[in-house]
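Asker:
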């Protein structure tokens, strides 16, 4: 078994920890280039009553806060499922080097039919001349 497979297997184990603790089945970890695990977490959205308590988001925030930018830039996230849009945005902003996932979002959705999020309408942009002012400060 190679390092990548071993790390993905650990992420899947963490997803089982999430389920065993009453949460949805998502687990993730951060690894250095040599495969050393730097941090790991699992979904706690139900037990913490926090819709943002996804492991990918928690780890991206941890990496940005606790690691130097040079270390973050070489760190890979291994996760049991492809990150959602919220988590992907945090991962982008954290500066992590990449993501390796076991299940795609589409595959996970097929395993949980009927649990799709509703589409929320968006309307904008508006008031460009006013809204751009704080960006110029």
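Numbering (the numbering used here), first residue to last: 5 to 141.
Cβ atoms here follow ideal geometry from the backbone N, Cα and C, with glycine treated the same way.
Keep in mind that this is a model prediction, so the values were computed, not measured.
So, at 8 Å on beta carbons, what are the nonlocal neighbours of residue 170 in its own chain, with the 5 sequence-adjacent residues on each side left out?
Answerer: The displayed coordinates of the chain run from 5 to 141. Any statement about residue 170 would go beyond what the structure contains.
Asker: Residue 113 bridges to which residues according to DSSP?
Answerer: Answer is none; residue 113 lacks a bridge partner.
Asker: Counting Cβ pairs, one atom from each stretch, are 3 or more of them under 8 Å apart for the segment 79 to 89 and the segment 104 to 116?
Answerer: They touch, by the three-pair rule.
Asker: Along the chain, where does the beta strand (DSSP E) containing residue 132 start, and where does it finish?
Answerer: Where residue 132 is concerned, there is no enclosing beta strand (DSSP E), although the alpha helix (DSSP H) it sits in stretches over 132 to 135.
Asker: At 3 residues or longer, what runs of the beta strand (DSSP E) sit wholly inside the segment 50 to 117?
Answerer: 80 to 85, 102 to 107, all fully within the segment 50 to 117.
Asker: Should residue 45 go down as buried or exposed, given a rule of 16 or more other Cβ atoms within 10 Å for buried?
Answerer: When all chains shown are included, residue 45 counts as buried.
Asker: So, does the segment 59 to 75 touch the segment 88 to 99, judging by three or more C-beta pairs under 8 Å?
Answerer: Yes, the segment 59 to 75 is in contact with the segment 88 to 99.
Asker: Once the 5 residues before and after residue 129 are set aside, which same chain residues still bring their CB inside 7 Å of it?
Answerer: No residues qualify anywhere along the chain.
Asker: Using only the alpha-carbon positions, how far apart do residue 43 and residue 12 sit?
Answerer: In a straight line, the C-alpha of residue 43 is about 14 Å away from that of residue 12.
Asker: Using the C-alpha atoms, what's the distance from residue 22 back to residue 34?
Answerer: Taking the straight line from one Cα to the other gives about 17 Å.
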